[in-house]
Each structure stands twice: as C-alpha cells, then as structure tokens.
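Line by line, the protein sequences are chains A and B.
Okay, so the first sequence: first residue is 1 according to UniProt numbering, each after it adds one.
Okay, so the second sequence: first residue is 1 according to UniProt numbering, each after it adds one.
Think of the CB as a built atom: it goes at the ideal place given N, C-alpha and C, for glycine as much as any other residue.
The structure displayed is predicted, hence computed values, not measured ones.
Take a look at the structure set out below.
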Amino acid sequence: METHAEAGKEGKPSCASVDLQGDSSLQVEISDAVSERDKVKFTVQTKSCLPYFARTEFSVVRQHEEFIWLHDAYVENEEYAGLIIPPAPPRPDFEASREKLQKLGEGDSSVTREEFAKMKQELEAEYLAIFKKTVAMHEVFLQRLAAHPTLRRDHNFFVFLEYGQDLSVRGKNRKELLGGFLRNIVKSADEALITGMSGLKEVDDFFEHERTFLLEYHTRIRDACLRADRVMRAHKCLADDYIPISAALSSLGTQEVNQLRTSFLKLAELFERLRKLEGRVASDEDLKLSDMLRYYMRDSQAAKDLLYRRLRALADYENANKALDKARTRNREVRPAESHQQLCCQRFERLSDSAKQELMDFKSRRVSSFRKNLIELAELELKHAKVSPPTSLPPPGTRVCVHVWMCTRVCAHVGVCMYMRACVGESSLS
Amino acid sequence: MAAEREPPPLGDGKPTDFEDLEDGEDLFTSTVSTLESSPSSPEPASLPAEDISANSNGPKPTEVGLDDDREDLFAEATEEVSLDSPEREPILSSEPSPAITPVTPTTLIAPRIESKSMSAPVIFDRSREEIEEEANGDIFDIEIGVSDPEKVGDGMNAYMAYRVTTKTSLSMFSKSEFSVKRRFSDFLGLHSKLASKYLHVGYIVPPAPEKSIVGMTKVKVGKEDSSSTEFVEKRRAALERYLQRTVKHPTLLQDPDLRQFLESSELPRAVNTQALSGAGILRMVNKAADAVNKMTIKMNESDAWFEEKQQQFENLDQQLRKLHASVEALVCHRKELSANTAAFAKSAAMLGNSEDHTALSRALSQLAEVEEKIDQLHQEQAFADFYMFSELLSDYIRLIAAVKGVFDHRMKCWQKWEDAQITLLKKREAEAKMMVANKPDKIQQAKNEIREWEAKVQQGERDFEQISKTIRKEVGRFEKERVKDFKTVIIKYLESLVQTQQQVKFVFGILPYFKKINELGF
Numbered sequence: 001m002e003t004h005a006e007a008g009k010e011g012k013p014s015c016a017s018v019d020l021q022g023d024s025s026l027q028v029e030i031s032d033a034v035s036e037r038d039k040v041k042f043t044v045q046t047k048s049c050l051p052y053f054a055r056t057e058f059s060v061v062r063q064h065e066e067f068i069w070l071h072d073a074y075v076e077n078e079e080y081a082g083l084i085i086p087p088a089p090p091r092p093d094f095e096a097s098r099e100k101l102q103k104l105g106e107g108d109s110s111v112t113r114e115e116f117a118k119m120k121q122e123l124e125a126e127y128l129a130i131f132k133k134t135v136a137m138h139e140v141f142l143q144r145l146a147a148h149p150t151l152r153r154d155h156n157f158f159v160f161l162e163y164g165q166d167l168s169v170r171g172k173n174r175k176e177l178l179g180g181f182l183r184n185i186v187k188s189a190d191e192a193l194i195t196g197m198s199g200l201k202e203v204d205d206f207f208e209h210e211r212t213f214l215l216e217y218h219t220r221i222r223d224a225c226l227r228a229d230r231v232m233r234a235h236k237c238l239a240d241d242y243i244p245i246s247a248a249l250s251s252l253g254t255q256e257v258n259q260l261r262t263s264f265l266k267l268a269e270l271f272e273r274l275r276k277l278e279g280r281v282a283s284d285e286d287l288k289l290s291d292m293l294r295y296y297m298r299d300s301q302a303a304k305d306l307l308y309r310r311l312r313a314l315a316d317y318e319n320a321n322k323a324l325d326k327a328r329t330r331n332r333e334v335r336p337a338e339s340h341q342q343l344c345c346q347r348f349e350r351l352s353d354s355a356k357q358e359l360m361d362f363k364s365r366r367v368s369s370f371r372k373n374l375i376e377l378a379e380l381e382l383k384h385a386k387v388s389p390p391t392s393l394p395p396p397g398t399r400v401c402v403h404v405w406m407c408t409r410v411c412a413h414v415g416v417c418m419y420m421r422a423c424v425g426e427s428s429l430s
Numbered sequence: 001m002a003a004e005r006e007p008p009p010l011g012d013g014k015p016t017d018f019e020d021l022e023d024g025e026d027l028f029t030s031t032v033s034t035l036e037s038s039p040s041s042p043e044p045a046s047l048p049a050e051d052i053s054a055n056s057n058g059p060k061p062t063e064v065g066l067d068d069d070r071e072d073l074f075a076e077a078t079e080e081v082s083l084d085s086p087e088r089e090p091i092l093s094s095e096p097s098p099a100i101t102p103v104t105p106t107t108l109i110a111p112r113i114e115s116k117s118m119s120a121p122v123i124f125d126r127s128r129e130e131i132e133e134e135a136n137g138d139i140f141d142i143e144i145g146v147s148d149p150e151k152v153g154d155g156m157n158a159y160m161a162y163r164v165t166t167k168t169s170l171s172m173f174s175k176s177e178f179s180v181k182r183r184f185s186d187f188l189g190l191h192s193k194l195a196s197k198y199l200h201v202g203y204i205v206p207p208a209p210e211k212s213i214v215g216m217t218k219v220k221v222g223k224e225d226s227s228s229t230e231f232v233e234k235r236r237a238a239l240e241r242y243l244q245r246t247v248k249h250p251t252l253l254q255d256p257d258l259r260q261f262l263e264s265s266e267l268p269r270a271v272n273t274q275a276l277s278g279a280g281i282l283r284m285v286n287k288a289a290d291a292v293n294k295m296t297i298k299m300n301e302s303d304a305w306f307e308e309k310q311q312q313f314e315n316l317d318q319q320l321r322k323l324h325a326s327v328e329a330l331v332c333h334r335k336e337l338s339a340n341t342a343a344f345a346k347s348a349a350m351l352g353n354s355e356d357h358t359a360l361s362r363a364l365s366q367l368a369e370v371e372e373k374i375d376q377l378h379q380e381q382a383f384a385d386f387y388m389f390s391e392l393l394s395d396y397i398r399l400i401a402a403v404k405g406v407f408d409h410r411m412k413c414w415q416k417w418e419d420a421q422i423t424l425l426k427k428r429e430a431e432a433k434m435m436v437a438n439k440p441d442k443i444q445q446a447k448n449e450i451r452e453w454e455a456k457v458q459q460g461e462r463d464f465e466q467i468s469k470t471i472r473k474e475v476g477r478f479e480k481e482r483v484k485d486f487k488t489v490i491i492k493y494l495e496s497l498v499q500t501q502q503q504v505k506f507v508f509g510i511l512p513y514f515k516k517i518n519e520l521g522f
C-alpha cells in the first residue's frame, strides 16, 4: 500500500528530540516519504551554503539500506574512531501492523459495522504512527550527522546527500554476512575488554567512571525501554477492548424498552470517550517515553562502542610497549618498534581526548532530552485532563467520569514535572 | 441525558441542584414514599425490604417499572404531592453540573423506622392483583449475608465452610437473627431441590454458582496465594447473591427446604450434587435428552406474548454473552496493565539510580514512585468495578438460561396436553371400534379409559394454563429485578469513579503550589 507522509515540522513526533545546535550552514530534513510494497522511499532535502556542494538546495531519494551503508561507512572509518557515531535508524517494520489489518479484513461476522470501522480506524492510525516514527528516526540520524562539526565533513555524507542516482547498495551477500558474523565475535571480545575481564588497566579515572556508568546505564535503560513498551502496548490493548464493550452496550440499549435504555446508551458513550482517552495516553507514552528510552538505549550503545574502540587502542598501545621492551632487550628492530609504539600512543591519546568531549556531550544531550520529554509528557496529560466538553453537551456524568479518570493519570506526571523543573533547572549542564 | 429523563411519577421533571440531597432523610420526607398497601398491615407489605436496610442512607432508590402502571398510579393518588427534589442522583457535591444517572425515586422504599403516615397510599409498580396476593402474607423482610469462609479438614477432603447469616422479622422463622455453617455442596443441594419442585411449574428458580474443579483443588491443596483467595472471595460473593435472589422470590421464600437451609444447624449432606456421582450423570443424560426433545417439539403458539418474550430473551442472552466476554477481556487486560506498570516503575527507579546526573536521577526516581502508586490505585479501583459488572453479567447469563428452561417446561407441558388429547382421540376411536364389534366387556374397559384420559386432558389443560399464568408473572418480576440490578451496578460504578476524584483532589490542591515554584524560576 502507498502512504504519503508530509514530514513537516508539526506532524513529526519529535521522539528523540535531540538538541541540535544547528547552524544554518547545513540543514537536512526528510521532506517526504512514500511507503511501497515492502520498502520506504525517503526524500532527503538539503539546504546548504557550504562550498562542498554544487547547489544550495537539492534533494534525493534514499532507501533504508543506503542509510545503513552511510552508518557503516562512518563506523569503519578510522578517523572517527574517537567519536560517538549516531546510531543507525531501525529498519522500517510494518509487518505487525499489516498483519493486523489483514486479519481485520478477513474478520468474523459477529463484529458490527461500527466496531469494524472503529477497529480499522485504530489500525490505520497505528500504521500511520509507525510510519511517522520511522521517518523521524531517519531524519534525526541525518540531522545529528549534519550538526556534528567533524562528521558533517565526511565525503560519503556529501555523496549521500547529493548524488542523484541510486547508490546501489545492494543487500549483503554471503561474504559480507560472514564478515558480519565475525564482527560479532570480535564484539564479544570487546565486551570482555570493557567489562575489565581481560585485566587491562585503565589509566584515567574519568574513563573508569564512564565505563562502569555506561555499562550499568545501558542495561537498565534497555530494561526500562522494554517495559515501557509493554505498558504502552497494554494501554493500547485496553483502548481496543472498549470497542466491543461500547458496541455491545449500544445494541443492548437500543433493544431495551425500559429505563435501562438510557443507562446503557450513556454507558456506551462513556466507554467510547474512555477509549479515546486511553488511546491518547498510550500514544503520549509511546512518543514521549518509549521512543526516548529507545533512542538513548541505542545512543548509549554507540557510546559504549566508542569506549571499546578506545580500549582497543589502549590494548594496542600496551602491546606496542611490550614489543618495544622486548625489542630493546634483544636489541633488534628497535626502530620500527619505537615508531609503532609512538603511533599507538598518539592514536590512543587522540581517541581519549575526543572521547572525553564526546561523552560529556552525550551526557548533556541525554539530560536535556529526558527533561524535555518528561515535561512535555506531563503537559500533554494535563491538557487531556482539562479537555473541554464538546459542543453537543455530553451527559454531565460522562464528562465527570472522563475528568476523574484523567486526573489520576495526570497527578503523577504533573507532580513530577514540576519537581523536575525545580531540580533539573538548577543544574549547570542544562 | 437531561432530555431523556423519565418524568417522575408526580410533578414535573425539572432537574434541580442535588447537593443537598445527600441526606437521605430529606428525600424521603419530601416525597410520597410510604407504601401502604392495605390498612390492616401497619407496614408496607410486599416491599423488597432488604433494600431498605441496605439503602437507608444510600442514594440508590431504584426505578422499577413505572411504565405500564402509571395509569394506576394517578388513579390512586388522592393527594398531589409536589416533589421538589424529584430526581435523586449520586453524590456529586463539587460538580456544578448535575447528574450521572438520574434515578427517578419511585421511592417505594421508605425506611420502616421513619414511615410517617404520609398522605395517600400511592401504589407504584405493583399490579393490583400482586398486592392483594401478598397483602396477606408476612412482611417481606429478610436479609442474608454469606461470610467467613473457613477451610475445614485437610487434603482432598477439605472444603470451605461459609457462614450464612439471616436477619429477619418474618414470622415463619423461629428467631429474628441466626446463622449457620454451610458448604458449597449444600447450596447446590438447595438449588436442586427447589428446581425439582418449582421449575416445571413455571417459577424461575435462580441458578446456583457454578462448580469449579480447578479453583477448589487449589484451595484444597492449600495454596495460600492471591488467586485462591480471590477464588474464595468470588465464590462467597456469588453465594450471597444467589441466596439473596432466592429469598426475594415470594414463592420460594415459603418453601420449607429453604427454611431448613437457613435455619437448621445440621443439614443432610447433599451427595447428589457431585459431578461424577450417579445423580450427576443422570442429570447430564437428562439434559441431553431435553435438548433433543426441544428440537422436535413443534408447538402451536396461540399466545404471541410468549413467542415475543422468548425471542427477546434469546436476543438478550446473546448480547449479554458478548458483553460478558468483552468485559472479561478488559478485566484481564487491566490486570496485565497494572503488572506491567509495576514492572516499569521498578525499572524506571533503577534507571534513576544509575543515572549520573543527580537532579535527573532524583526526578526519575520520583516519576517511578508516583507513577506506580497512582496507577496502581486507579487500576485497582477500576478493576474492582468492572469485576462487579462482569459478575453481574455472568449471573444474568445463568438466570436467562433458567428463564429459557422455564419456557421449555411450558412447551413440555403443552406437549403432554397434546399427547393426552391424541391418546383420548385414539381411545375414543377404539371405543367406536368396540361398539361396532360389539364386545361388551371391552366396551366397558374402553369407556373407563376414555374417562381416565378425559380427566388427563383436563388436567393437562389446567396445568398448561397455570404454567402460562405463572410464567407471565415470573417474567414480569424478573424484568423488574433485572432493571433494578443493572441500574444499581451501573450507578455504583459511576459513583466510585467520582469517589476516586475525591482522592485525587488532594493532589490537585498541591498543583498550584508547584506551579508557583516554577514561576518563581529556579
């Protein structure tokens, strides 16, 4: 199916809400996206006055694989070893949503027409939300690259942004898959490095602290993300549950001829509004909480990767030292050993310096993002609690109930938001 | 809702402010509430009096079928009483806008203690013949409670004993307050006795709660976890509702078996209720046979009322089943949600702990804590109410099955009558044949048989009429009860939602304070 999404500023869920000190010299955005059979085509638009580009405004069409290619190119580049590479956007995955829509289409006859329409609407909204999210993730990836003083000057980046033709990044063939497999093995060796099992001695307190912190943080945020997802899905499930209940109460109400008629019909209405509310709560949580946690899970993984690289450089340095000592004792090939050791030392120090800066940036980014999202979440909920009644005066009872129901949700977040403003506001980093 | 309110029985239906209606007294004194059906009995007869005690300060007078009887109503009223607070609504003190479900206070419920000799006896929903019937009976006042589940015995022979407490002023009971210990199979035994006596003559006998092998086994085995306590509580509540429904039925209340059940300290063990006993298997076989028979009986329905009602109940059954399934799904998902929320709160707290930045760390921990508390509170609240709704639905699904059974019995009765008529015809033919063949002794025998079968036909007709009449009455009563029950539950649910607001109000009181802090700029 084809879906167009106007990825304009308002429509975008600013889920990751990365604070980008964008200067206007390079502005990248995804202005349009089309979802076809099994792939999504993004239109990447660039506005730039930098000398690297032939024109000041141009756009190209890119697919997900090309984003991944760009990301991998950065990761494999030795020059950027000391930087946190922005995490690659996740693959667009509409499978679950499509399946559900299909199942609904086949559906059973016991579902009334209203119910069917409502469920279809819900599923379509879900599909659209997933679509918007995937667009946002891809966009944030590019924007972070564009904002980073070093990363934005990469040649591959320019090619990605400007080259009109398809980059012909075909799917991985068998050799590359094998390479990927080997890389994973290396990665687990890195895990050993970073968890200190290899006995490598850390020389810098800052990095020692960062290492322990990041390890723990990453596990916990991954946990929190998973559970937030479950809560969000449970809310969504609950919202969907109200549909058959409303429908059943409506039909019961229409069949009754006594006083129960109004009761049932009003109750059906109440549940309909509760459903909408529950759905809104779910999507708020989804955007402000789940997505943010997910993004920082990936970002903290990228930070961990940086630490790996640095530790590997440290290991190389130590090995070079040992080799030099050995060469000196044997008094053979001292010169090459010395120069190798010099190289390793320089590389290690370069990495350490830039890593330090990157990690501090990571921290400030993270804090401000959390703060912004949590406050926004609280404000959204506050807004929902004060939902003004529609013009056709609803039964006052239902308004009360809806109001009541929201209150309980709001107080949690609002209280915290105020508290947070007070706390986080005083921090020196924000 | 404002537009569709049922006009109260007397006076106009203008909604007024109801804040001052919290005091039950006002309501009762200002309306025509006393039901005096006959001058002989000083107290209102035939009142579902157990409601009174329950509702003496409760704002839940329920509305019972005004429709058909409104004519009677106005005819009876000798004095016009203006109801200045005509509508009665659940407490909503702080809300400027009135109402959740305005329940017209037909207020046939007057607290007996306060029954002032108000004006004219205004008879509400009862049809005249009913009142006359019950006017001679006792005060319909009995209150039943099932409580204190206790585990008796050990291992697989263990069972739960429940205390059944009766408070009554009915004269047929020896004491006014007494309690006995009963086990689940006793309840089932009671039901089967009542069913065997009354079902086939058309009375809707309330069905007993269902057996649950899984649940009971858990209890027997002695698992002291939350699911088994939940099960016991569920069962206790179901048994209580069952007994309350049974005693509400005027005919069943008179039954000696019921009296024995409520009163006598020792009850013969009802072994026939076990599923795998001989009686149990016989029951199953009978049920199957009945089902087959039902399909083969083709009844000439002379009375459209029955056909209509049957169709109505059929529809209702389907709808309720559907609703019940959805509500159960909702209850289940709510449980899941609350579990998931708790898990998330924990991991958010842990995340807060490991967070580097102290202020953010504190904020995250706070978020986790508050989120968990409030969400749990709300989930429990909502869960409890939906659960009540779900139980009501399952009760009514079983009740409707009983109603359908009663209709089936009528069909069987008709069949019997038909068969008797056919047999009579055959006997007459046989007699005629004998006449022709001229065999005097056979003729006499034939005449005897004819007389016998004529009597049977007459009996059959009488039975059929009787059962039809009983069913009509029963269905009327059933419908009223149903409306009352549903309304009560719905109102309870909405009320408790409002109650939650009271708890939340406190938090909102703090909110402006927080806002101020923020404005001062940190």
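Rounded C-alpha distance that separates residue i from residue j
i, j, result
"L101 of chain A", "F94 of chain A", "11 Å"
"A239 of chain A", "K276 of chain A", "7 Å"
"F383 of chain B", "R334 of chain B", "7 Å"
"A359 of chain B", "K133 of chain A", "29 Å"
"R280 of chain A", "L274 of chain A", "10 Å"
"E338 of chain A", "A320 of chain A", "8 Å"
"A73 of chain A", "S326 of chain B", "52 Å"
"A88 of chain A", "I68 of chain A", "6 Å"
"K266 of chain A", "K487 of chain B", "12 Å"
"V140 of chain A", "V221 of chain B", "58 Å"
"P102 of chain B", "L392 of chain B", "Legend: pLDDT at P102 of chain B = 36, less than 50; position of this residue unreliable, no value from coordinates given."
"L367 of chain B", "S290 of chain A", "14 Å"
"F58 of chain A", "V34 of chain A", "18 Å"
"C49 of chain A", "A81 of chain A", "28 Å"
"N353 of chain B", "F181 of chain A", "35 Å"
"F478 of chain B", "A329 of chain B", "28 Å"
N- and C-terminal bounds of the alpha helix (DSSP H) containing residue i
i, result
"D316 of chain A", "291-330"
"A81 of chain A", "That residue, A81 of chain A, is in no alpha helix (DSSP H); it is neither H nor E in DSSP."
"residue 442 of chain A", "What is shown of chain A runs 1 to 430, which leaves residue 442 of chain A out entirely."
Classification of residue i by the beta-carbon crowding that lies within 10 angstroms, buried from 16 upward
i, result
"residue 531 of chain B", "Outside the shown range of chain B (1 to 522) lies residue 531 of chain B, about which nothing can therefore be said."
"L142 of chain A", "buried"
"N157 of chain B", "exposed"
"residue 526 of chain B", "What the structure shows of chain B is the stretch from 1 to 522, and residue 526 of chain B is not part of that stretch, so it cannot be assessed."
"A54 of chain A", "exposed"
"V436 of chain B", "exposed"
"R347 of chain A", "buried"
"R310 of chain A", "buried"
"T31 of chain B", "Low per-residue confidence applies at T31 of chain B: pLDDT is 29, beneath 50, and the placement is therefore not dependable, though the value from the model is reported in the following sentence. Counting Cβ neighbours within 10 Å, T31 of chain B comes out buried, since at least 16 surround it."
Cβ separation of residue i and residue j, assumed to be a contact under 8 Å, to the nearest whole Å
i, j, result
"residue 432 of chain A", "K304 of chain A", "The question about residue 432 of chain A has no answer here: the residues shown for chain A are numbered 1 through 430."
"A302 of chain A", "I85 of chain A", "6 Å"
"K456 of chain B", "E431 of chain B", "At roughly 16 Å, the Cβ-Cβ gap does not stay under 8 Å, so K456 of chain B and E431 of chain B are not in contact."
"S147 of chain B", "T165 of chain B", "7 Å"
"M172 of chain B", "R259 of chain B", "7 Å"
Contact list for residue i against chain C, beta-carbon separation under 8 Å
i, result
"I245 of chain A", "No chain C appears in the structure shown, which is made up of the protein chains A and B."
Residue range of the unbroken beta strand (DSSP E) whose run includes residue i
i, result
"V201 of chain B", "Premise fails: V201 of chain B is in no beta strand (DSSP E) and is neither H nor E."
"P149 of chain B", "142-152"
Cβ-heavy atom distance, residue i to the ligand NAD, below 8 Å
i, result
"T43 of chain A", "The ligand content of the structure shown is nil, which means the ligand NAD is not present either."
Query raised in the report: With a cut-off of 8 Å, do at least 3 Cβ pairs link the region 106-125 of chain A to the region 245-265 of chain A?
Result: Taking one beta carbon from each stretch, the region 106-125 of chain A and the region 245-265 of chain A have 3 or more pairs nearer than 8 Å; the two touch.
Query raised in the report: Counting pairs of Cβ atoms below 8 Å between the region 417-436 of chain B and the region 230-243 of chain B, do you hit three or more?
Result: No contact exists between the region 417-436 of chain B and the region 230-243 of chain B.
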